[in-house]
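Notes to accompany the following structure.
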Amino acid sequence: MKSLIPMFTAIALTTGAVGDVSIANVNKTESYYNERKVVDIDFDKERIENKINKKTYDSSNQNEVYVPGSKNKGIQLNSGKVTIPSSDLKIDKEETITVSLWMKWDGNDNDFIPFAFGEYTLWFHNGNFGFNTGENDIYGMGKGLKAGQMTHVLAEFHKNDVMKNKLFINGKKQELSQLEGSPDNKKATFDDSLQIGGWKYDNYHDMDEGIILDEFNVLKDSIQDGEEKDLYLLSKVPELNVYQNELYAKSEWAIDILDSDLLYQTDFETNDFIPNFKWGYDEFYGDGGQSITTEDKFSGKQSIRTEDTFKNGNWIQWPNRNRERSINVWERFKFKNGIPLSVTYYAKNNGGTKSLIMANGDGGWAESFYDHDLPPVKLTKSMKRGAKVAHIDNPDAFKVGKHGYTLDQVELKIGAVMQVESVDTENKTVTFRNSDGVDRDVEEGTPFHFRQWRGAWSFPARNVANEEGWKKVSVNTYVTDYKDYDVSKRGGSYYMASSTDKVVYLDNVKFGYATEVELYRDGKKVYKGLMSDFADREAIDKGKPDMVRKITFNGNKDDLSISFEKPKDVGTKYTYSIRGLSKNGETPVSKNKEVEITAGIKGYSYLIDKNPTTIPSNKVNLTTESLKTSLKDQEQYYLHVKSIDNQGNTSDTKHIPIEIPTLEAKANHKDNLIELKWSGGKTEPYTYKVFKKKEGEKQFQSVSATDYKKKVKVLNLYPYTASLMKDITFQNWKGENITLPQSALLKQWMEEPNIEDAKGYGKGLIEVDAVELNQFNKNPNEYLKSPDGSWRYDVVYAGAWDTNRQQDLSIQGEQVIEDFINSGRGFLAGHDTITQYHNLKNFVKLSDFLRIKTYPFNGNVYEARASAIQMPWIGSQNIEVKKKGLLTNFPWAIGDIGSKLSVPISHTNSQVSLGDVWMNYSDWKSPFVDKEVGVGPEVSDSETGLGTNNFYLTTWSNTAMIQTGHSNGKATPDEQKVLANTLFYLAQLTSDTKLADRSGQDVDAPTKPNINKAVLNENGTVDVSYNESVDKGTSYEYYVESKGSDTQSVVKSNIAKAEVKTGLKGYSIAIDENPDTIPDEKTETITASYQLTVPNTKDFYIHVASVDNAGNISEVSHYHYQDKFSPELTITASTKDWTNKAITLHVVATDKDSRVKKIGLPNGQWINGSKAEFIVNENGIYYFKAVDEGGNETIQYIILSNIDKKNPTVQINAPDNWVNTDVKVEIIGNDE
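Residue numbers (full-length UniProt numbering): 1 to 1232.
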């Protein structure tokens, strides 16, 4: 369509405002008419769709074209017809129907039928227009249609009575008469189908390409007074959009400019107005990525295309250098100040996250000075015309980049208005960037003034980035009404600008006078005016936000994280409707548009204390849905929190106890366990998981928390290949007959009675369900979860068959197993599952849970050949217990550390265990053709130096791997017991608040009883004595992790410590001829000495170990009794002096390493024992012999020479004569 510039100028200058309108007193709404419709086709989606029944119809030649209509799109049928069957109409019983449509006739075709019900039609014939019954008859009006104008036609059809029919053109009732022929009232029915664009009896009366239809509606019943206006204006009902803007409701509406109000229109076609894509004098910025395009359009053939204004933008004003918008400039128009204007256009976003379109009128400089912000300043030197540098007395008066400085001295005479480029404060000069400088010579002392820029009008911008397809935009504004800027004289340059990061199209721009509207909120009028939007600042959120509900706690009292779901700010709902007020009357009220104004959660007010009902203040002290805190002690605390929205509305307060378990641990020395109890939560159901760390260990691990009387439910995922696995039938302890394939025999092992337990190796505690792995993979949740989403099982066991038959978990199956493990439930992997063997990629994803490292195969060759293997394999049919605890003694006592068990031969498979190894392989043996495979060596992970490749059973927390399966369905009693214990160990969740932890056992042995003496007795026994042993207890640390089933809170209790010490049971003592015998657990005595019978008297060993009541055996004290030294004899005479009596010899024999058995006397007599006496009557040499228990002999003698039994003799020599003088007498004694 060509622009209407001449008409526009005349109307703009002579029309001051929209005149008074005649308001029809009609209160019916758009919804009222919609309820009566049986056909409603608007063609806006470029298809012929009846919005009433949602059916789409084709034209007879499918040559239709969609063009601008009365409202958005209309249709040119181009001699095609549309048929709607009577079955879709259901109007054959109606007495009256009404047809409403818009039609534009180009003036060429003088014989056409717009629509028909069989032969009952409207007919245009040689200028006559009216009702027809197929008899060349017209009951209607003459010359009622104007060519080239979109016209509203409203026709009321009466059944079997044409003369009652009514015809309205543009809301006005027409005077009808019989212009041609006579009607046949029998044909005036609605039994036939509806034809649009002609009738079914010929093609002659089809509508040619010059006729446009739009808004085609068929309604039941007749037209009541005033409804003709409504139906005429129904297509002019403003399109209302209501949304939340900041904290209030904002309404925007689009309303077509009525033909009488239209001033200007362009579709950017060849003969239409095309705007200038350059931005004024800054042409070097280019066209802004704008062009006329045929690649997309709303109608016609062309539209404006704008691409990425962030890259190509041409709207740049110095000193701002950003290029975010592109501008296209139209002509300069003049309007009277203050009149309402409207612009309507169609825009389409193509991929942009932002597509903003603006329309404005650029005005000019104000005819007044605005010196309020300009300090006094004047020239200190004169300026010649064209000069750009001014010498001034106050350089601080100028701001770089600011525009509006002038040396004009008369307000109404606008000269050069300048923009500051730079200011030199030192030299007191200012440089302007005007291209021509000052417009005249200016004298020294002339003061500066400042002018403001006045815009002529400004329409609200619209963002169409979130719209699909072509979006109709209609916005209103007022011409500015400044006293110092007369738009009617000086005008405004109309321009449009776009901002997009992709592509936006613009088409069908209409410019004219605005239509007045009335806007209603909840039935109350809140706005009447000519604008295109309304900010309803009274429509605010008045409702209180929802209460904080789902609160999740994580951590412990010293490091507690609290989070909660963001509550919904309930908001307040408002219902809006609108109607337009035109010169022709008021439109019907639009359909209701509901909007909920939600202020949004601003934050929260919270408090933590020990009072259960504290109300926090209304002041926000938390702006996120999470916080971190710590509690001072282990007492009961409460969280109080309320939500506060941005309007200041507050929710009810949520009071919730912070339910962190308080754990107590107490050793039960008698039963060799630790009794745990903790406080439970009350606000929701909780499950608990117990974590334990033995003294000296670095990390806590979860332990079995299953009540020893409760059953453990296990799901066995078994591989299956029908050709390899035969079925096995057995009867469980309940008497049920069960048949399973060989790869699914865990149930048999656990539930079939055996000679050791009438309820199987599961002892009636373990119940097993079995499902084929491939079936599980199809829908894992169906097997593992109940309909309410809860888990069905305590433990999942994957196995058991050699290579697992190369069957892997599915991606979904693996993820569900991860969820199962993360929930705290147990997972046991069987032989050849957690391995890269045969590329089991999904099973391997679980390796981190089990702390197993897997290794690839050379060249991806999956064979048991040494050349293919990077991590050595180890295998055997003998395994050895390496760790002691619950897993080795419940429900079966398997053995102490070092105990040997027998299992079917199996092996590791390119794996290293970095977890706890409970049992490993001994007596390595290869079960393969390549005998180098399966015999080690034992190594650790080369990267970390940790772990071992020698393991039969390894665990970490609630996961484990066992090598059961290589034997394809075979399991020894030992292996079945290990499986039972492991399954029980992995059941680690409980809802109880106490636990007798049997894994918290006394596993430390007493101190070593060092032997300090062994005395051989003559009766073939030996008395051994040793230091008393002291029992050493085992210390554990515990914490409990509770998980809320509703909130998924996970909190940890305090750490509780306990030492379990079962006490010294006694000493186990052995005597034999072996140097390293280990006594058994059976004790012989509770004292620190004991008598044993010796195996010989020469060389034997005594072995003593202390044993506590848990069966822990201390380090053994070995004593080697060996008789290698001969006895030593000591012979002592009763006197060493001369005597004439017998002397008693005292003989004492001692022995360093055994006992003296006997002493041999000089007379050949033997005395048993280590002491003897022998009486000697005469001097001589006397020999004695000592013999010890070992047969060692010693001979010792003594020489006696001090016995004298003969009397001595005396010889006296003296004179024989008597004399009376001294004489010499000689006495000589002699003794033999």
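Think of the CB as a built atom: it goes at the ideal place given N, C-alpha and C, for glycine as much as any other residue.
Where the beta strand (DSSP E) containing residue i begins and where it ends
i       : result
Leu1129 : Glu1128 to Ala1133
Lys510  : Val503 to Tyr513
Gly1066 : Leu1064 to Asp1072
Asn349  : Pro340 to Asn350
Three-state secondary structure (DSSP) of residue i
i            : result
Asn1213      : strand
Met358       : strand
Gly1229      : strand
Val487       : helix
Ala599       : coil
Ser899       : coil
residue 1314 : The structure shown does not extend to residue 1314, since the chain is modelled only from 1 through 1232, so no value can be given for it.
Asn476       : strand
Trp749       : helix
Asp371       : coil
Asn981       : helix
Met1         : Per-residue confidence for Met1 stands at a pLDDT of 36, beneath the threshold of 50, marking its modelled position as unreliable; no derived number is given.
Glu625       : coil
Leu213       : strand
Gln62        : coil
Met383       : strand
Gly1020      : coil
Lys785       : strand
Leu850       : helix
Arg1155      : coil
Met725       : coil
7 angstroms Cβ shell around residue i - same chain, five flanking residues per side excluded
i      : result
Met418 : Tyr405, Thr406, Phe432 and Asn434
Asn136 : Glu180 and Gly181
Thr876 : Per the sequence presented here, residue 876 reads as Ser, with Thr not at that position. Answer for Ser876: Ile905, Tyr921, Ser922, Asp923, Trp924 and Lys925, listed in chain order.
Glu751 : Asn732, Trp733, Gly760, Gly762 and Val768
Asp161 : Asn185 and Ala188
Ile292 : Phe268, Ile274, Gln302 and Ile304
Ala465 : Asn349, Gly352, Thr353, Lys354 and Ser355
Contact set for residue i: own chain, Cβ-Cβ below 6 angstroms, skip 5 residues either direction
i       : result
Asn1213 : Glu1226
Leu622  : Gly603, Tyr604 and Tyr606
Terminal residues of the alpha helix (DSSP H) in which residue i lies
i       : result
Pro68   : First-last for Pro68: Val65 to Pro68, but that is the beta strand (DSSP E), not the alpha helix (DSSP H).
Ile821  : Ile811 to Asn822
Asn1177 : Asn1177 -> no alpha helix (DSSP H), and no H or E assigned at all.
Thr309  : Thr309 to Asn312
Asn878  : Counting along the chain, Asn878 falls outside any alpha helix (DSSP H), though it belongs to the beta strand (DSSP E) covering Gly875 to Val881.
Leu233  : Glu227 to Leu233
Val844  : Lys841 to Val844
Gln178  : First-last for Gln178: Ser177 to Glu180, but that is the beta strand (DSSP E), not the alpha helix (DSSP H).
Asn774  : Leu773 to Lys778
According to DSSP, residues forming a beta bridge with residue i
i      : result
Arg332 : Ser493
Leu828 : Tyr797 and Ala960
Phe730 : Ile738
Cβ neighbours of residue i in the same chain (closer than 8 angstroms, five flanking residues each side left out)
i       : result
Glu1173 : Thr1144, Leu1145, His1146 and Val1147
At least 3 beta-carbon pairs within less than 8 angstroms: the segment 1006 to 1018 vs the segment 816 to 828: no
Count Cβ pairs between the segment 160 to 175 and the segment 228 to 245 that sit closer than 8 angstroms; are there 3 or more? Yes, they touch.
When the Cβ atoms of the segment 496 to 514 are set against those of the segment 301 to 308, are three or more pairs found closer than 8 angstroms? yes
If contact is defined by three or more beta carbon pairs under 8 angstroms, each pair taking one atom from either stretch, is the segment 186 to 199 in contact with the segment 74 to 86? Contact between the segment 74 to 86 and the segment 186 to 199 is present: 3 or more CB-CB pairs across the two stretches fall below 8 angstroms.
Any 3 or more C-beta pairs closer than 8 angstroms across the segment 1128 to 1136 and the segment 1095 to 1107: no
May I ask you to verify whether the segment 837 to 855 touches the segment 895 to 904, counting CB pairs closer than 8 angstroms and requiring at least 3? no
The segment 143 to 150 contacting the segment 91 to 105, beta-carbon criterion three pairs below 8 angstroms: yes
Does the count of Cβ pairs from the segment 548 to 555 and the segment 1028 to 1048 closer than 8 angstroms reach three? Flag = yes, the segment 548 to 555 and the segment 1028 to 1048 touch.
Taking one C-beta from the segment 1176 to 1186 and one from the segment 1150 to 1166 each time, how about it: are there three or more such pairs within less than 8 angstroms? yes
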